[in-house]
Amino acid sequence: MIIAPSLLAANFGRFAAETIRVDRAGAQWLHLDIMDGHFVANISFGPEVVRVLRPLTKMFLDVHLMCSRPEILLEPFAKAGADQMTVHVELGDRVTRLLWKIKSLGKKVGLAINPPTGMPQVEPYLNQIDVLLIMTVNPGFGGQPFITETLPKVQQADAWRKEKNLHYRIEVDGGIDFQTAAECAHAGADTFVSGTGLFKHRNFKAALRKMQKIVDEQARIRS
Ligand code: DX5
Ligand code: ZN
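The numbering used here applies: residue 344 is where the sequence shown begins, and numbers increase by one.
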């Protein structure tokens, strides 16, 4: 089970120090939300931020592209040091090419799905991806409440994974705290993006450890 703290909830004036804090707390992944002010109604940061953070940590850099034209961003983020790039299924007939491009850059391949989008949309791509990112809030902003209606998608993703004998990770993103992390783990998620749910705690390390323990326990129960 992997926890991926989201830098979106960190102090934007101190990205380097915040990254080191997350690293020292023991996180394996760092989730980086890239917003273009078009695909979503917010702007975050670009490849230059990833480039300056890369030498500070060995954490796996999980780049989530909430962008209308990821075509122009894949190479810059790959060069900047991303380990994985995730594009949205809502981009329609461009998805196949985008997934192929990520793979050809030697990076792990992610596909994301928004809450209103149905799971049949992602089914054709399941054998081409390393991670399916199920949005559990509408993307654009941190700190939103978890949408419970997304849980059956996690169950569906897990059922397909077993049926089709595939090994993609199931990542949940949005409104993940101790409680909702447990619910998602119970439904079959194995990767948990958490921004506010971790950063709101004064003791980040203790919060991360607690969330890890909670999801590991769910995994133990399920196995
Ligand atoms: C939402 C982003 C999330 C965000 C989650 O648009 O994709 O990764 O950082 O933040 P929290 O955990 O605060 O909901
Ligand atoms: Zn995200």
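We put the CB at the ideal spot given by N, CA and C, even for glycine.
Coil, strand or helix - residue i by DSSP
i: residue 406; result: strand
i: residue 347; result: strand
i: residue 447; result: helix
i: residue 474; result: strand
i: residue 497; result: helix
i: residue 435; result: helix
i: residue 490; result: coil
i: residue 558; result: helix
i: residue 417; result: helix
i: residue 353; result: coil
i: residue 455; result: strand
Classification of residue i by the beta-carbon crowding that lies within 10 angstroms, buried from 16 upward
i: residue 336; result: No answer is possible for residue 336: it lies beyond the span of the chain, which begins at 344 and ends at 566.
i: residue 488; result: exposed
i: residue 377; result: buried
i: residue 407; result: buried
i: residue 386; result: exposed
i: residue 326; result: Nothing in the structure corresponds to residue 326, since the chain is present only between 344 and 566.
i: residue 542; result: buried
i: residue 399; result: exposed
i: residue 415; result: exposed
i: residue 372; result: buried
i: residue 439; result: exposed
message = Taking contact to mean 3 or more Cβ pairs, one atom from each stretch, closer than 8 Å, check whether the segment 498–509 and the segment 545–554 are in contact.
response = no
request  = Would you check if the segment 556–565 and the segment 524–544 touch, i.e. whether three or more CB-CB distances between them fall below 8 Å?
outcome  = yes
request  = With the ligand ZN as the reference, list in chain order each residue whose Cβ lies under 5 Å from any of its heavy atoms.
outcome  = 376, 407, 516
task = Jot down the residue ranges of each uninterrupted beta strand (DSSP E) in the segment 356–413, minimum 3 residues, whole runs only, in chain order.
result = 372–378, 403–409
task = List in chain order: all unbroken alpha helix (DSSP H) runs of 4+ residues lying wholly within the segment 508–556.
result = 521–530, 539–542
message = Does the structure place the segment 450–457 close enough to the segment 425–437 that three or more beta carbon pairs sit under 8 Å?
response = yes
ask   = Would you say the segment 434–447 touches the segment 474–483, given that touching needs at least three Cβ pairs under 8 Å?
value = no
ask   = Would you say the segment 439–453 touches the segment 404–424, given that touching needs at least three Cβ pairs under 8 Å?
value = yes
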